[in-house]
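Down below is the structure, laid out as structure tokens.
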Amino acid sequence: MGAVRGAAALPQWDLLNLLADAASEEPTFTLRMKTEATGLLREGGRVTGVRYQGPDGPGELKAELTVGCDGRWSTVRRSAGLQSVEFPANFDVWWFSLPRDGDQEFSFLPRVGPGKALGVIPREGYNQIAYIGAKGTDAQLRAKGIEAFRDDVAALIPESAAAVATLKSMDEIKHLDVRVDRLRRWHTDGLLCIGDAAHAMSPLGGMGINLAVQDAVAAATILAEPLRQHRVTDRDLAAVRRRRLFPTAVTQGVQRFLQRGLGPLLRGANPTPPAAFLTVMQRLAWLSFLPAYFIGVGVRPERAPAFARR
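Here the sequence shown is numbered in the UniProt record's numbering, starting from 1 and rising by one per residue.
This is the structure:
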């Protein structure tokens, strides 16, 4: 990709499609759809690939280096026995979609009410909704039924009441059990974990995908030459964690700070921002640039290595 200054928001699946299309032009790239890793292959204590389940049944893939990027509930890291540091999370997220009402637009700022909040993410032809509530309340939310849920959502976005009325069943509402953690060690012999597999992020700010991509770019930069020479060492794999630990820790720290601010809201308090915060933002409006940069660019953005640019 060319040198373009700035940031753009796009759905994760569109980014994945773009990457898959670009990778398909590489002679040694193979994409296996509807396939998931079910375990690791080992020889003499070293990870040598993965077991998988696909449309045609189970299989095995051998690799000089296995990269685990299978998300917050990573099978790869669990199979490797890698240990993590867990951080508390006080909220969960429920995802669903609503039809868009004509040309109606929403800002990325959340809508909040006592005990709940939601964010609206505009997509092509529909809006993706992230409903935020107290952790551990999924069963309670579903027991109340779809009518009560529609009432809660419509109270937060009354201008979309007609769209909210199209929700027919709680089966349309997908629960995300939020967890925040970080592996103490991101690798073992023959294996490296990156993205949420190495550090599960809170969905606050939508920064998890940014860190995952930056992890991948850093890994490519550091490991390309050792892989070419077939001599990837423990030190090479540790260098990826060393490079990415600082931005990961800082981002998780900010997310945990924001999460603490959700506490009173989730306990039913009046969702009014502190007066001091409002005064600062009114007098120093340019400060709004900082959270936008932090979310869109990050603490340590990675530049694609020269061999990967087109």
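Every residue, glycine too, gets a C-beta built ideally from N, C-alpha and C.
All values reported here derive from a predicted model rather than from experimental measurement.
Excluding the 5 residues flanking residue i on each side, which residues of the same chain have their C-beta closer than 8 angstroms to its C-beta?
i           : result
residue 92  : 132, 133, 134, 135, 136, 137, 138, 175, 176, 177 and 178
residue 227 : 64 and 65
residue 39  : 50, 51, 75 and 79
Please report the distance separating the alpha-carbon of residue i from that of residue j.
i           : j           : result
residue 182 : residue 95  : 24 angstroms
residue 203 : residue 123 : 18 angstroms
residue 14  : residue 172 : 22 angstroms
residue 31  : residue 265 : 44 angstroms
residue 130 : residue 45  : 42 angstroms
residue 157 : residue 149 : 13 angstroms
residue 89  : residue 229 : 43 angstroms
residue 49  : residue 193 : 13 angstroms
residue 207 : residue 201 : 8 angstroms
residue 281 : residue 152 : For residue 281, the predicted structure reports a pLDDT of 47, less than 50, and the residue's modelled location is therefore unreliable. A value from the coordinates is still provided. Roughly 29 angstroms separates the two Cα atoms.
residue 211 : residue 97  : 25 angstroms
residue 320 : residue 147 : Look at the range of the chain in this structure, 1 to 310, and you will see that residue 320 is not part of it.
residue 118 : residue 259 : 14 angstroms
residue 87  : residue 180 : 5 angstroms
residue 189 : residue 232 : 9 angstroms
Grab me the residues of residue i's own chain with a C-beta within less than 7 angstroms of its C-beta, minus the 5 sequence neighbours each way, in chain order.
i           : result
residue 185 : 82
residue 29  : 23
residue 36  : 52 and 53
residue 11  : 123
Could you spell out the range, first to last residue, of the alpha helix (DSSP H) harbouring residue i?
i           : result
residue 13  : 12 to 23
residue 215 : 208 to 228
residue 163 : 161 to 164
residue 79  : 75 to 80
Just to confirm the assignment, what range does the beta strand (DSSP E) spanning residue i have?
i           : result
residue 48  : 46 to 54
residue 84  : 84 to 87
residue 66  : 66 to 68
residue 39  : 36 to 43
residue 174 : 174 to 176
residue 181 : 180 to 183
Mind checking who residue i pairs with in its DSSP beta bridge?
i           : result
residue 116 : 113
residue 60  : 51
residue 96  : 129
residue 355 : Coverage of the chain is limited to positions 1 through 310, which leaves residue 355 absent and any answer about it impossible.
residue 123 : 126
So residue i packs on residue j, CB below 8 angstroms; how close in whole Å?
i           : j           : result
residue 143 : residue 220 : Not confirmed; about 47 angstroms, so no contact.
residue 299 : residue 250 : 5 angstroms
residue 187 : residue 238 : 7 angstroms
Does the CB of residue i have a neighbour CB from chain D at under 8 angstroms?
i          : result
residue 46 : No chain D appears in the structure shown, which is made up of a single protein chain.
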